[in-house]
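**Student:**
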Amino acid sequence: MSVDRKKLEALLKWYIQEIGKDLIAVIVVNREGLVIEAISGKSSEKTVDEEIVGGVSALVEPVLTRITKEFSSGAFGTGTFDTEDYRLIFCEAGPDAVFVTVLDAVAMIDPVFPYAYLTAEKIARVFDGRTVSPVIPKIVSTKDSQLIERKKDTLQKIKIQSGEYAYKLILGGEGGVGKTSMVHRFVEDTFQTDYKSTIGTSIMKKECLFEGLSSKVRFVIWDLAGQAQFKRVRMSYVENAEAGLLIYDVTRKETLDNLENWHKEIITASPTISLILVGNKIDLTEKRQVSTEEGQGLALKLGLTYIETSAKTGENINDAFKMLALQIIKRFVVTEEV
Ligand code: GDP
Ligand code: MG
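The sequence shown begins at 286 in the working numbering and counts up one residue at a time.
Next up, the structure:
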């Protein structure tokens with residue numbers, strides 16, 4: 286098995302950076318339990334700290350034996366294990382590897398696990414030899430109640446109880462930021478340069494599968510076209526929405542400034558909506574006016590996850606929708622002791 290180490294390392298370093306202070310180490314092991322990559326989160330240079338990694342590997346080993354057994358039945362997916370000093374998150378990363386996140390004993394698993402899950406998916410892609418961009422959306426701790434309890438020396442499987450329900454997803458943002466393009470990229474995996482500003486609202490459906498969590502999320506995506514200026518139309522558009530992407534164009538600063546109004550309007554109409562902030566058109570590097578930090582700044586202010594995309598190249602488009610889906614299903618987490 287050959288794996289692009291540089292890509293894997295870049296991805297893990299991004300993840301470490303996003304998770305922040307609670308992260309002790311990340312380890313990627315193969316199905317036999319051999320360590321493929323291990324990086325410590327505590328050292329300032331984010332290089333391998335042999336001591337920590339050695340200690341944690343020893344810790345992971347006995348648990349891994351149990352998980353590997355579960356894997357062979359193809360049933361493991363995602364889970365946690367708590368010890369005296371650490372909290373571990375295990376995520377299957379395709380058929381070849383397991384991704385282990387080692388957190389401090391006092392850390393909360395709930396806000397971290399969606400990121401661990403997305404990262405595991407990306408790791409699986411690295412093993413597959415497919416392209417993967419290391420950008421992982423900025424983690425934001427929400428005030429959600431904690432569903433994944435700390436249970437010492439217990440292997441807990443994480444599952445999502447999600448029904449047959451479909452979520453109404455809306456798109457907020459000024460004309461031309463790429464709302465329609467993002468939806469087309471996500472739903473049909475196509476990009477057109479000559480969209481006519483559609484009149485009316487188009488409705489599309491798409492499912493996000495979360496294999497390791499035995500769950501799926503169905504989105505009914507409402508794309509409001511040109512008449513967004515009519516307040517009356519906008520009201521019924523926003524009403525009863527459960528998920529939304531707030532999108533701006535990184536080449537036009539005013540589209541970012543405008544998002545605060547969209548945010549206000551949307552949460553007034555749907556106070557419990559799950560939202561994420563998206564900076565689109567990152568392929569236009571020469572024309573870029575808004576930095577990643579500025580985008581993150583607004584996300585932080587509004588308490589939202591931030592991600593940057595290109596509907597043209599397709600970069601991070603799936604991740605943006607998946608992240609949103611994960612934020613929704615995070616509320617339906619159940620654990621099962623194994
Ligand atoms: P909407 O008004 O927000 O729905 O925006 P559209 O999806 O109609 O896109 C507006 C214009 O921006 C179109 O010409 C698209 O081709 C272009 N566009 C959308 N997304 C991207 C992107 O990621 N990169 C580039 N270079 N152009 C994009
Ligand atoms: Mg449009």
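Glycine is no exception: its CB is placed at the ideal position from the N, C-alpha and C atoms. Fair warning: this is a prediction, and the values are worked out from it, not measured in the lab.
#1: Measure from the alpha carbon of F606 to the alpha carbon of each residue in V345, K572, T475 and M467, then state which is nearest.
#2: Please return the same chain residues whose Cβ sits closer than 7 Å to the Cβ of M393, not counting the five positions on each side in sequence.
#3: If you count every other CB in all the chains shown that lies within 10 Å of the CB of K453, and 16 or more means buried, which is it?
#4: Where DSSP assigns a beta bridge to R503, which residues make up the other side?
#5: Roughly how many whole angstroms lie between the Cα atoms of K491 and V472?
#6: Please classify E346: is it buried, with 16 or more other beta-carbons within 10 angstroms of its beta-carbon, or exposed?
#7: What's the C-alpha gap between E621 and R351?
#8: Would you kindly check if the distance between the Cβ of V623 and the Cβ of G364 is under 9 Å?
#9: Are D267 and T536 close, meaning C-beta to C-beta below 9 Å?
#10: For a test of your reading of the model: does the CB of T697 fall under 8 Å from any non-hydrogen atom of the ligand MG? Yes or no.
#11: Below 6 Å CB to CB, which residues in the same chain sit around Q342 once its five sequence neighbours on both sides are set aside?
#12: For the putative contact between I532 and V563, defined by C-beta atoms under 8 Å, what is the C-beta separation to the nearest angstrom?
#13: With a cut-off of 5 Å, give the chain-ordered residues whose Cβ is closer than this to any heavy atom of the ligand MG.
#14: Here's the rule I'm using: 16 or more other beta-carbon atoms within 10 Å means buried, otherwise exposed. How should V619 be labelled?
#15: Sort out for me which residues DSSP pairs A526 with in a bridge.
#16: Below 8 Å on the Cβ atoms is my contact criterion, and I expect D508 with K464 to pass it. Report the Cβ-Cβ distance as a whole number of Å.
#17: Can you give me the C-alpha to C-alpha distance between R290 and G448, rounded to a whole angstrom?
#18: Are the CB atoms of L373 and I443 within a distance shorter than 9 Å?
#19: What's the C-alpha gap between K331 and P396?
#20: By the DSSP assignment, the alpha helix (DSSP H) with L319 in it spans what residues?
#21: Once DSSP output is grouped into helix, strand and coil, what is the label at N565?
#22: Would the beta-carbon of L297 fall within 9 Å of that of V314?
#23: For M489, I'd like the list of residues in its chain whose CB is within less than 8 Å of its CB, leaving aside the five on either flank, ordered along the chain.
#24: Three-state secondary structure (DSSP) at T536?
#25: Take the Cβ of Q450 as the centre, count every other Cβ of all protein chains shown within 10 Å, and call the residue buried at 16 or more, exposed below.
#26: Report whether the distance from the Cβ of K566 to the nearest heavy atom of the ligand GDP is below 8 Å.
#27: Using only the heavy atoms of the ligand NAP, determine whether one of them is closer than 8 Å to the beta carbon of F471.
#28: Can you round the beta-carbon distance between L611 and P399 to whole angstroms, since I take them to be within the 8 Å contact cut?
#29: Are the Cβ atoms of A526 and I551 separated by less than 9 Å?
#30: Taking 8 Å as the cut-off, is the beta-carbon of M467 closer than that to any non-hydrogen atom of the ligand GDP?
#31: Run through the DSSP bridge pairs and tell me what Q441 is partnered with.
#32: May I ask you to check if the CB of E539 is nearer than 8 Å to at least one heavy atom of the ligand GDP?
#33: Leaving aside the five residues before and after Q574 along the sequence, list all residues of the same chain whose C-beta is less than 8 Å from its C-beta, in chain order.
#34: Let's see if you can read the secondary structure: which residues bound the beta strand (DSSP E) around A596?
#35: Leaving aside the five residues before and after R503 along the sequence, list all residues of the same chain whose C-beta is less than 6 Å from its C-beta, in chain order.
**Tutor:** Let me lay it out:
#1: Here residue 606 corresponds to residue number 321 of the sequence shown, with the count starting at 1. Per the Cα distances, M467.
#2: Here residue 393 is taken as the residue at index 108 of the sequence shown, counted from 1. Counting only Cβ-Cβ distances below 7 Å, and skipping sequence neighbours, we find Q431.
#3: As a first step, residue 453 is located in the sequence shown; it is residue number 168 there, counting from the start. Burial call: buried.
#4: For the purposes of this step, residue 503 is taken as the residue at position 218 of the sequence shown. BP columns for R503 point to A451 and E492.
#5: Looking up residue 491 in the sequence shown gives position 206. Looking up residue 472 in the sequence shown gives position 187. In a straight line, the C-alpha of K491 is about 6 Å away from that of V472.
#6: As a first step, residue 346 must be located in the sequence shown, where it is residue number 61. Exposed.
#7: By one-based count along the sequence shown, residue 621 stands at place 336. By one-based count along the sequence shown, residue 351 stands at place 66. The alpha-carbon atoms of E621 and R351 are separated by roughly 15 Å.
#8: By one-based count along the sequence shown, residue 364 stands at place 79. By one-based count along the sequence shown, residue 623 stands at place 338. Against a cut-off of 9 Å, the Cβ pair of V623 and G364 comes out as a contact.
#9: Outside the shown range of the chain (286 to 623) lies residue 267, about which nothing can therefore be said.
#10: A query on residue 697 cannot be resolved here, the shown segment of the chain reaching from 286 to 623 and no further.
#11: As a first step, residue 342 is located in the sequence shown; it is residue number 57 there, counting from the start. Looking at the sequence provided, one finds Ser at residue 342 rather than Gln. Only V320 meet the Cβ criterion.
#12: The sequence position of residue 532 within the sequence shown is 247, counting from 1. The sequence position of residue 563 within the sequence shown is 278, counting from 1. Yes, I532 and V563 are in contact; Cβ-Cβ is about 5 Å, under 8 Å.
#13: K464 and T465
#14: By 1-based counting over the sequence shown, the position of residue 619 is 334. By the neighbour-count rule (16 or more Cβ atoms within 10 Å), V619 is not buried but exposed.
#15: On the sequence shown, residue 526 is found 241 positions in, with the first residue counted as 1. In DSSP, A526 forms no bridge with anything.
#16: Against the sequence shown, residue 508 aligns to sequence position 223. Against the sequence shown, residue 464 aligns to sequence position 179. D508 to K464, Cβ: 6 Å. Contact.
#17: Your numbering for residue 290 matches position 5 in the sequence shown. Your numbering for residue 448 matches position 163 in the sequence shown. Taking the straight line joining both Cα atoms gives about 39 Å.
#18: Reading the sequence shown from its first residue, position 158 is the one you call residue 443. Reading the sequence shown from its first residue, position 88 is the one you call residue 373. No.
#19: One-based indexing of the sequence shown puts residue 331 at position 46. One-based indexing of the sequence shown puts residue 396 at position 111. Because the pLDDT of K331 is 48, which lies under 50, any placement of that residue in the model is unreliable, and the number read from its coordinates should be weighed accordingly. Approximately 22 Å, taken between the alpha carbons.
#20: Here residue 319 refers to the residue found at position 34 when the sequence shown is read from its first residue. Premise fails: L319 is in no alpha helix (DSSP H) and is neither H nor E.
#21: On the sequence shown, position 280 is the one that residue 565 refers to. N565: strand per DSSP, three-state reduction.
#22: Residue mapping note: residue 297 aligns to position 12 of the sequence shown, counting from 1. Residue mapping note: residue 314 aligns to position 29 of the sequence shown, counting from 1. No, Cβ-Cβ distance for L297 and V314 is not below 9 Å.
#23: For this step, residue 489 is matched to residue 204 along the sequence shown. Counting only Cβ-Cβ distances below 8 Å, and skipping sequence neighbours, we find V468, V472, V505, I506 and D508.
#24: In the sequence shown, the residue the question calls residue 536 occupies position 251. DSSP places T536 in coil when its eight states are reduced to three.
#25: Locating residue 450 in the sequence shown gives position 165, counting from the first residue. The residue asked about is misnamed: residue 450 is Tyr in this sequence, not Gln. That one is exposed.
#26: Numbered from its first residue, the sequence shown carries residue 566 at position 281. Checking the Cβ of K566 against the ligand GDP gives yes.
#27: The ligand NAP is absent from the structure shown, which contains only the ligand GDP and the ligand MG.
#28: Counting from 1 along the sequence shown, the entry for residue 611 is found at position 326. Counting from 1 along the sequence shown, the entry for residue 399 is found at position 114. Going by Cβ atoms, the distance from L611 to P399 rounds to 4 Å, so yes, they are a contact pair.
#29: Walking along the sequence shown from the start, residue 526 turns up at place 241. Walking along the sequence shown from the start, residue 551 turns up at place 266. Yes, these two residues count as a Cβ contact at 9 Å.
#30: For the purposes of this step, residue 467 is taken as the residue at position 182 of the sequence shown. Indeed, a heavy atom of the ligand GDP lies less than 8 Å from the Cβ.
#31: Here residue 441 refers to the residue found at position 156 when the sequence shown is read from its first residue. Answer is T365 and E622, bridged to Q441.
#32: Taking the first residue of the sequence shown as 1, we reach residue 539 at position 254. Result no, Cβ not under 8 Å from the ligand GDP.
#33: Sequence index remark: in the sequence shown, residue 574 carries index 289 (1-based). The answer, listed in chain order, is V535, T536, R537 and K538.
#34: As a first step, residue 596 must be located in the sequence shown, where it is residue number 311. Taken as a continuous stretch (DSSP letters only), A596 belongs to no beta strand (DSSP E), as it is neither H nor E.
#35: Looking up residue 503 in the sequence shown gives position 218. Closer than 6 Å at the Cβ level, and outside the excluded window around R503, lie A451 and E492.
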